[in-house]
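Student:
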Amino acid sequence: MGIQMSDGSMRKNILSPSILAADFSVLGEQIREAEAAGAAYLHIDVMDGVFVPSISFGMPVVKSIRRITGMVFDVHLMIVGPERYIKEFAQCGADSITFHLEAAEDAEDLIEQIHGLGCRAGMSIKPQTPVEAVRKYLKHLDMLLVMTVEPGFGGQQYIPESTERIRQIRQMAEELRTDLDIQVDGGITRENVRTVLDAGANVIVAGSAVFKGNITENIHALTAQF
Ligand code: DX5
Ligand code: ZN
Numbered sequence: 006m007g008i009q010m011s012d013g014s015m016r017k018n019i020l021s022p023s024i025l026a027a028d029f030s031v032l033g034e035q036i037r038e039a040e041a042a043g044a045a046y047l048h049i050d051v052m053d054g055v056f057v058p059s060i061s062f063g064m065p066v067v068k069s070i071r072r073i074t075g076m077v078f079d080v081h082l083m084i085v086g087p088e089r090y091i092k093e094f095a096q097c098g099a100d101s102i103t104f105h106l107e108a109a110e111d112a113e114d115l116i117e118q119i120h121g122l123g124c125r126a127g128m129s130i131k132p133q134t135p136v137e138a139v140r141k142y143l144k145h146l147d148m149l150l151v152m153t154v155e156p157g158f159g160g161q162q163y164i165p166e167s168t169e170r171i172r173q174i175r176q177m178a179e180e181l182r183t184d185l186d187i188q189v190d191g192g193i194t195r196e197n198v199r200t201v202l203d204a205g206a207n208v209i210v211a212g213s214a215v216f217k218g219n220i221t222e223n224i225h226a227l228t229a230q231f
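Printed below as a string of structure tokens:
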């Protein structure tokens, strides 16, 4: 269920199903099924049609589903000017807010603001952003999200070069002795989940691999490898 760290503590592996791949006509039921099957987090992809080509959903959806589940709400903001909306997402029930480094005006300030709202702070990088760009933020962050596809759509193929990027960021975090969560998002399946865990990721987003087909069975197939 995790990996032993040098100080003897355990790093926990967590599944975060992405509702982008859910059937929105029965969203509540599908979330309840994911929770019952053992998923601890719920990954909520917010897209604005500017930072990424597509548009997904926003505050009203988050607010509605907050009433039906106690899962940790892991909000992934794929929007320009994320500083404009963090307060509203916190008020709607986000527990963790992740913004994109490429979209932030002042990432350090944003991390502080997210913490000030009582949320965990995450920062994400797209596949083309050099991993070195995150180093100076790691000790302030709760989570670093390594995008393993170009953000914007579910159902894409995992980019193989991501494995080395995850490994490098885990190494950076270890050098800094920070107990960082490393999240991966995009193209994660039951076939490659072990690869990303071995590289150092511990928060696993899965959209299609959870919501396409039998949700309970899919979750068990993924978490059995944790
Ligand atoms: C993509 C989103 C992902 C997406 C993952 O931009 O950030 O969270 O839902 O979907 P799958 O797991 O189907 O690649
Ligand atoms: Zn996402």
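So in my numbering the end of the sequence shown lands on 231, straight run, no missing numbers.
Every residue, glycine too, gets a C-beta built ideally from N, C-alpha and C.
With a 10 Å radius around its C-beta and 16 neighbouring C-beta atoms as the bar for buried, classify Phe29 as buried or exposed.
Tutor: Answer is exposed; the Cβ neighbour count stays below 16.
Student: Please say whether Pro156 and Gly191 have beta carbons closer to each other than 9 Å?
Tutor: In contact: Gly191 and Pro156 (Cβ atoms closer than 9 Å).
Student: Compute the Euclidean distance between the alpha carbons of Glu34 and Glu180, then round it to the nearest angstrom.
Tutor: Cα to Cα, Glu34 sits roughly 43 Å from Glu180.
Student: Using 8 Å as the cut-off, can you tell me whether the region 162 to 179 makes contact with the region 212 to 223, which would need three or more C-beta pairs spanning the two stretches below that distance?
Tutor: Result no; under three Cβ-Cβ pairs closer than 8 Å.
Student: Count the other CB atoms within 10 Å of the CB of Val139; is the residue buried (16 or more) or exposed (fewer)?
Tutor: Counting Cβ neighbours within 10 Å, Val139 comes out buried, since at least 16 surround it.
Student: Is the beta carbon of Ile36 closer than 9 Å to that of Met76?
Tutor: Yes; because the gap between Cβ atoms is below 9 Å, this pair is in contact.
Student: Taking just the CA atoms, how far does Glu117 sit from Glu88?
Tutor: So the two alpha carbons sit approximately 11 Å from each other.
Student: Rounding to the nearest angstrom, what Cα-Cα distance links Gly43 and Pro58 in this structure?
Tutor: Gly43 and Pro58: Cα-Cα distance of roughly 32 Å.
Student: Which word fits Pro22, buried or exposed, when buried means at least 16 other C-beta atoms lie within 10 angstroms of its C-beta?
Tutor: When all chains shown are included, Pro22 counts as buried.
Student: Drop a sphere of 10 angstroms on the beta-carbon of Met15, count the other beta-carbons inside from all chains shown, and report buried for 16 or more, exposed for fewer.
Tutor: It counts as exposed.
Student: List in chain order: all unbroken alpha helix (DSSP H) runs of 4+ residues lying wholly within the region 98 to 143.
Tutor: You should have 112 to 121.
Student: Below 8 Å CB to CB, which residues in the same chain sit around Ile73 once its five sequence neighbours on both sides are set aside?
Tutor: Result list for Ile73: Gly33, Ile36 and Arg37, in chain order.
Student: Listed in chain order, which residues are found with a beta carbon closer than 6 Å to a heavy atom of ligand 2?
Tutor: Qualifying residues come out as Ser23, His48, Asp50, His81, Asp190 and Val210.
Student: At a cut-off of 8 Å, is Phe62 close to ligand 1 when judged by its beta-carbon and the heavy atoms of the ligand?
Tutor: Phe62: no, Cβ never under 8 Å from ligand 1.
Student: Applying the criterion that 16 or more other CB atoms from any shown protein chain within 10 Å of the CB defines a buried residue, is Asn219 buried or exposed?
Tutor: With fewer than 16 Cβ atoms within 10 Å of its Cβ, Asn219 is classed as exposed.
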